[in-house]
Amino acid sequence: MPIPEERPIRLPAPAPPDRRRFLTVLSQAFLALWGLGAAAVVGAYLKAPEKRDAERTVNAGLLADYRVGEGRLVRHGITPFYVVRLDATRVLALSAVCTHVRCILGYDPARRTLVCPCHDGRFDLSGNVLSGPPSRPLPGYPVSVRAGEIFVQV
Amino acid sequence: MNGPGRQDPPARQGWVDWLEQRVNLSEIFSFLTHFGLVYTPVDTRKPVREVLHDVAAEPVPRYAHGARALGLLAAILFGLQIVTGVLLAYYYRPTPEAAFESTRTIVRDLPGGWFIHQMHAWGSWLLVAVIVLRLLRLFWEGLYRAPREVLWWCAVAMTWVVIQSDFTGRLLTWDSHTYWGTVRGLEVVWAIPIAGPVLAFLLGGRTVNEDVLIRFYVLHLMVLPVFYAGFLYLTFATLRRVGLSRPEAARDQGTIHYREHVYSMTMLTVGLFAVLVTLATLLPFRFHAAADPYATPGGVRPPWYMLAPYALLQHLPVPAWLSGLGLLAAAIAVLLLPLWLRGDDTPGRRRRLRLAGVAVLAVWLALSVLGALLERR
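Protein chains in written order, with numbering that gives the first Met the number 0: chain A, 0 to 153; chain B, 0 to 376.
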């Protein structure tokens with residue numbers, strides 16, 4: 000295939016350096032603004048809607064249903080917790096999410112400890128770390144018993 | 000290039016000639032072979048028959064042998080992952096409610112479903128192994144030096160992409176063990192300063208829920224394969240510019256006819272499939288139960304390539320953020336290796352570098368063994 004003879008293209012006379020630099024900076028600034036705007040729009044879209052637990056007060060069932068020393072996992076949103084009946088009147092609520100890598104703890108009623116199945120971290124019922132890799136204690140939640148029903152403030 | 004000099008083909012016009020007058024077939028051939036098969040530059044101004052002839056006539060180094068076949072194995076495995084992955088995607092549904100059910104349908108109810116699933120799962124682990132071994136081989140032979148830096152960067156980037164593909168794919172079954180493996184892996188990622196929160200934002204939050212599942216799904220099916228294909232293309236584009244390997248290595252090995260090369264590639268493919276089918280049938284990946292975000296099972300194993308950081312996290316009181324930061328720093332350091340190791344390439348220096356590499360590898364392997372033993376306890 001014959002390649003057509005190229006004719007020299009006449010360019011306009013170069014702009015003075017000051018003006019050229021000003022225009023370059025201006026167009027770059029515009030492009031950067033466009034980029035920022037696009038990033039903001041895409042970022043706002045990408046932000047996953049936050050899943051908040053709607054209820055702040057959770058009904059954990061009747062006190063009479065719990066045996067003394069029994070602990071039950073309450074499957075509440077992203078903050079599951081254990082409700083443990085200590086004796087005739089006292090009940091406590093303790094987060095069930097290990098502070099190490101967020102595994103769900105198991106409850107050992109014999110020793111009254113919470114045990115992590117992932118790395119064998121152990122917590123007592125006050126939330127203190129007994130052994131294992133977790134560095135922070137477990138958060139507890141306030142509990143109230145009204146008319147025989149247990150309510151936990153998450 | 001010793002193509003036939005004859006200009007006039009026989010008068011009978013086939014469909015190739017018909018097409019040739021309408022599209023540039025050589026250009027298409029060149030594009031397609033940027034993803035495999037042809038390592039030498041292709042003259043796209045020639046008609047396609049002549050190009051094919053040129054390619055077949057070009058002697059190639061004895062390539063499909065030993066450690067040099069790893070790139071080829073990776074390309075074959077990538078093709079297998081695409082085929083089996085598309086087949087799996089026809090029935091898979093990416094929601095927490097349906098993911099485990101639909102995977103079980105594929106594996107238990109569909110004819111041959113278990114085989115496709117196992118081939119995909121084992122193919123993924125083999126791909127990780129092959130691509131890591133290929134990286135080691137490139138390091139051993141010093142193939143990150145000028146002008147091969149881009150090849151090295153592609154190899155490192157492909158390793159990242161493959162590991163991320165494996166990581167995202169494992170969550171998709173929503174099996175209790177893979178689910179909690181992902182939760183634990185992500186906790187380390189999210190603890191990294193600065194990069195962690197950015198990644199958590201991009202992946203849809205810190206809790207592994209339906210948002211995270213569908214983002215993993217999209218990454219696994221679309222984003223990561225496209226990136227992999229892009230790096231594959233760049234690899235071959237670089238190969239065509241800088242050549243197959245170092246001249247002294249090529250001289251040692253001698254050259255062979257391209258057809259012989261195709262024959263060895265075929266044999267390699269057959270061997271690879273023999274291994275894969277054996278693994279998929281005799282050592283299938285097991286299912287446990289559908290993941291329950293409120294119950295962590297015991298004995299969750301990290302994937303084999305993550306056993307070393309796992310052992311480190313278990314044995315030393317290393318905070319998760321430091322461990323994650325270490326992994327990230329290592330990944331970036333490997334990427335920047337060619338810039339760091341510029342300069343003279345004396346045998347003594349090369350020996351020292353190899354020794355350092357072997358030492359790092361030995362530490363990694365020892366930690367991995369430690370991690371594997373931990374799991375068994």
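Glycine included, each C-beta is placed from N, C-alpha and C at the ideal position. Please read all numbers here as calculations on a predicted model, not as lab measurements.
{"Check": "What residue range is occupied by the uninterrupted alpha helix (DSSP H) comprising B/Ala199?", "Outcome": "Ala194 to Leu202"}
{"Check": "If we call anything under 8 Å between Cβ atoms a contact, is A/Leu129 one with A/Cys115?", "Outcome": "no"}
{"Check": "Could you check what DSSP says for A/Ser26 in three-state terms: helix, strand or coil?", "Outcome": "helix"}
{"Check": "Following the continuous beta strand (DSSP E) through A/Ile103, name the residue where it begins and the one where it ends.", "Outcome": "It is not in any beta strand (DSSP E) - A/Ile103 carries neither H nor E in the DSSP assignment."}
{"Check": "For the region 46–61 of chain A, enumerate the residues whose C-beta is nearer than 9 Å to any C-beta of chain B, in chain order.", "Outcome": "Lys46, Ala47, Pro48, Glu49 and Lys50"}
{"Check": "My assumption, with CB atoms under 8 Å, is that B/Tyr178 sits in contact with B/Leu171. Please give the rounded CB distance.", "Outcome": "That pair is no contact at about 10 Å."}
{"Check": "For A/Val100, decide whether its Cβ has a neighbour in chain D, counting only Cβ atoms nearer than 8 Å.", "Outcome": "In summary, chain D is missing from the structure at hand, where the protein chains are A and B."}
{"Check": "Which same chain residues end up closer than 8 Å to B/Leu212 when comparing Cβ atoms and leaving out the 5 residues on each side of it in sequence?", "Outcome": "Pro93, Thr94, Pro95, Ala98, Leu170, Leu171 and Trp173"}
{"Check": "If we define contact as Cβ-Cβ less than 8 Å, is A/Arg20 a contact residue for chain B?", "Outcome": "no"}
{"Check": "For the alpha helix (DSSP H) containing B/Glu100, name the first residue and the last one.", "Outcome": "Ala98 to Arg103"}
{"Check": "Counting along the chain, where does the alpha helix (DSSP H) carrying B/Gly325 start and finish?", "Outcome": "Ala319 to Leu334"}
{"Check": "Looking at the unbroken alpha helix (DSSP H) that takes in B/Ala88, where does it start and where does it end?", "Outcome": "Leu69 to Ala88"}
{"Check": "According to DSSP, which residues form a beta bridge with A/Phe122?", "Outcome": "A/Leu113 and A/Val128"}
{"Check": "With DSSP collapsed to three states, give me the class of B/Leu142.", "Outcome": "coil"}
{"Check": "I need the straight-line Cα distance from B/Pro3 to B/Val85, nearest angstrom please.", "Outcome": "In this predicted model, B/Pro3 has a pLDDT of only 47, less than 50, meaning its place in the structure is not dependable; the value taken from the coordinates is given anyway. If I take the Cα positions, the gap works out to 42 Å."}
{"Check": "Output needed for B/Ser367: all residues of its chain with C-beta closer than 6 Å, excluding positions within five of it in sequence on either side, in chain order.", "Outcome": "Leu306 and Ala307"}
{"Check": "Spatial neighbours of B/Leu218 within its chain, please: C-beta separation below 6 Å, excluding the five flanking residues on both sides.", "Outcome": "Thr167"}
{"Check": "Using a cut-off of 7 Å between C-beta atoms, extract the partners of A/Arg74 located in chain B.", "Outcome": "Tyr293"}
{"Check": "Just mark B/Val106 as buried or exposed, buried being the case when its beta carbon has 16 or more other beta carbons within 10 Å.", "Outcome": "buried"}
{"Check": "Using a Cβ cut-off of 8 Å (strictly closer), state whether B/Arg133 contacts chain A.", "Outcome": "no"}
{"Check": "Give, in chain order, every unbroken run of the alpha helix (DSSP H) that is at least 4 residues long and sits entirely within the region 216–293 of chain B.", "Outcome": "223–241, 246–252 and 257–281"}
{"Check": "Taking C-beta pairs closer than 8 Å, name the residues in chain A that B/Thr206 reaches, listed in chain order.", "Outcome": "Lys50 and Ile77"}
{"Check": "So which of B/Pro301, B/Leu271, B/Phe286 and B/Tyr293 has the shortest CA-CA distance to B/Leu126?", "Outcome": "B/Leu271"}
{"Check": "Please report how far the alpha carbon of A/Ala157 lies from the alpha carbon of B/Arg205, in whole angstroms.", "Outcome": "Because chain A spans 0 through 153 in this model, residue 157 of chain A falls outside it and cannot be assessed."}
{"Check": "Looking only at C-alpha atoms, which of A/Phe80, A/Val96 and A/Ala87 sits nearest to A/Val153?", "Outcome": "A/Phe80"}
{"Check": "Using the three-state DSSP reduction, which class does B/Tyr309 fall into: helix, strand or coil?", "Outcome": "helix"}
{"Check": "Report the partner residues of A/Arg71 according to the DSSP bridge assignment.", "Outcome": "A/Val82"}
{"Check": "According to the Cβ coordinates, are A/Leu45 and B/Leu220 closer than 8 Å?", "Outcome": "no"}
{"Check": "Excluding five sequence neighbours on each side, which residues of the same chain lie with their C-beta closer than 8 Å to the C-beta of A/Leu85?", "Outcome": "Val67, Gly68, Leu91 and Leu124"}
{"Check": "Give me the Cα-Cα distance between A/Thr56 and B/Val197, rounded to the nearest whole angstrom.", "Outcome": "32 Å"}
{"Check": "Taking Cβ-Cβ distances below 9 Å as the criterion, which residues of the region 172–183 of chain B are in contact with chain A?", "Outcome": "Trp179, Val182 and Arg183"}
{"Check": "Please check if any C-beta of chain A sits within less than 8 Å of the C-beta of B/Leu217.", "Outcome": "The sequence as given places Val at residue 217 of chain B; Leu does not occur at that position. Chain A, which has no Cβ nearer than 8 Å to the Cβ of B/Val217, makes this no."}
{"Check": "Of all the CB atoms in chain B, is at least one closer than 8 Å to the CB of A/Pro15?", "Outcome": "no"}
{"Check": "Under 9 Å between beta-carbons, which chain A residues line up against B/Pro296? List them in chain order, please.", "Outcome": "Pro116"}
{"Check": "Taking the straight line between their C-alpha atoms, what separation do you get for B/Leu51 and B/Pro58?", "Outcome": "13 Å"}
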